[in-house]
Amino acid sequence: MPPPTPPQPTPQPGKDHAEADWRSIMERAGPYPLEAFRFVREGLDHTVERASALGRAGGHDRSGQLANPESRHVSGQQLCLGLRDYAILQYGMLAPAVLRHWHITRTEDFGRIVYAMIDGELMSKTPDDSEQDFAGVYDFDEAFSAAQLSQRIGT
142 MPPPTPPQPT PQPGKDHAEA DWRSIMERAG PYPLEAFRFV REGLDHTVER
192 ASALGRAGGH DRSGQLANPE SRHVSGQQLC LGLRDYAILQ YGMLAPAVLR
242 HWHITRTEDF GRIVYAMIDG ELMSKTPDDS EQDFAGVYDF DEAFSAAQLS
292 QRIGT
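Those letters in the sequence shown? Residues 142 to 296, per the working numbering, in order.
Written out as structure tokens, the structure is:
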């Protein structure tokens, strides 16, 4: 099996993906494996795509914010909700086990991964963004309970 490839976030000015110091980025974030970074990157794309589609339809996202179809920016809260939905879409009933395996057990873990990638110049933020935006967005036990998973999956 070939080694995993690093996530492919949208390039930011000044840093090429090939130049990314993944070891440093991962050390900065904490105990998360490379797969967790890939998941967050792919989940960000999923969340932005959903927000853009909602914006084109004139809708609001699940956090109650008006979706903007022109922006690729989402808030920490929007991203956490999108990552929850993406985990369920990708892994179904196994979503909580997969996230736990990656040491992701609360929304603050998503923030640590995102901000390590921002520090590594692989993602960007606005002046209004903060790592605190990821704090307590939802309780993992509740968000990934059997009842919630069944409801979201439709089983």
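Ideal Cβ positions, reconstructed from N, Cα and C, are used throughout, including at glycine.
According to DSSP, is residue 280 part of a helix, a strand, or is it coil?
coil
Apply the 10 Å Cβ neighbour rule to residue 257 and answer buried if 16 or more other Cβ atoms are within range, or exposed otherwise.
buried
Straight-line CA distance for residue 276 to residue 252?
8 Å
Please classify residue 295 as buried or exposed, where buried requires at least 16 other C-beta atoms within 10 Å of its C-beta.
exposed
For residue 251, which of helix, strand or coil comes out of DSSP?
helix
Contact under 9 Å by Cβ, residue 223 with residue 171:
Taking C-beta atoms as the reference points, residue 223 and residue 171 fail to come closer than 9 Å.
Determine the burial state of residue 246: buried for a count of at least 16 other Cβ atoms within 10 Å of its Cβ, exposed for fewer.
exposed
Does DSSP classify residue 179 as helix, strand or coil?
Under the three-state reduction of DSSP, residue 179 is assigned to helix.
Residue 165 in three-state terms, based on DSSP
helix
Contact under 9 Å by Cβ, residue 304 with residue 233
With the chain covering 142 to 296 only, the question about residue 304 has no answer from this structure.
Apart from the five residues just before and just after residue 243, which ones in its own chain have a Cβ nearer than 8 Å to its Cβ?
173, 174, 176, 177, 180
Determine the closest residue to residue 165 out of 269, 292, 260, with distance taken between C-alpha atoms.
260
Where residue 267 falls, given that 16 or more other Cβ within 10 Å makes a residue buried
Per the 10 Å Cβ criterion, exposed.
Taking the alpha carbon of residue 190 as the point to measure from, which residue in 182, 213, 169, 168 has its own alpha carbon closest?
The residue with the shortest Cα to Cα distance from residue 190 is 213.
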